[in-house]
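Peer 1: Residue numbers for the sequence shown follow numbering that gives the first Met the number 0, beginning at 0 and rising by one. Don't be surprised by glycine CBs; every beta carbon is placed ideally from N, CA and C. Fair warning: this is a prediction, and the values are worked out from it, not measured in the lab.
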Amino acid sequence: MSFAPVYKYVSDAEVVDLIRARNAAGKDAEPEFVLVDVRDDDFEGGNVPGAKNVPSHKFQEEVDELVKSSANVPKVIFSCALSQSRAPKAARIYSEARSEKPPADGTKEQEILVLRGGFVEWQAKYRNDPALVEKYDKEAWDARYY
């Protein structure tokens, strides 16, 4: 029996490259990734542009729809505040749901990734870059205790 994680960690620099490539490709290009942010109320105050917020407390009931909607996306990246608990758990649940309902023939292989450092580290590095952080609220972050 193997206890290896079903996901790998991805660095912020790798995600920045993916975002820049997506922006350069334009809206009509096939998506190369989807970023799923599983923060709950702490989603307020900013996020990675284009992130899909699926709060951790609702993740179990929404995972099947996420599996279906992202079936042909090569990379599914999970994030939360620190990517220490909620994002890895969501990545595991997603992987299990995907394996229980195998995608149709022709569906692309998929990498399941977790953003190292989560949005806390992301906003610390990129909060002043509107191409990498949207809806940033300085007051919300000044009030947090991360």
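CB-CB under 8 Å to D136, same chain, minus the five flanking residues each way: which ones, in chain order?
Peer 2: Only E43, G44 and G45 meet the Cβ criterion.
Peer 1: Mind checking G117: buried by the 16 CB within 10 Å criterion, or exposed?
Peer 2: Counting Cβ neighbours within 10 Å, G117 comes out buried, since at least 16 surround it.
Peer 1: Under 8 Å by Cβ, that's how I've got L114 and V14 pegged, so tell me the actual separation to the nearest angstrom.
Peer 2: Correct: roughly 6 Å between the Cβ atoms.
Peer 1: Note the first and the last residue of the continuous alpha helix (DSSP H) segment covering L114.
Peer 2: Per DSSP, L114 belongs to no alpha helix (DSSP H); it is in the beta strand (DSSP E), E110 to L114.
Peer 1: Secondary structure at K124, three-state DSSP: helix, strand or coil?
Peer 2: Of the three classes helix, strand and coil, the one that applies to K124 here is helix, per DSSP.
Peer 1: Have a look at M0 and E95 and give me their C-alpha separation to the nearest angstrom.
Peer 2: Bear in mind that the predicted position of M0 carries a pLDDT of just 49, short of 50, making it unreliable; the figure below should be weighed with that in mind. About 16 Å.
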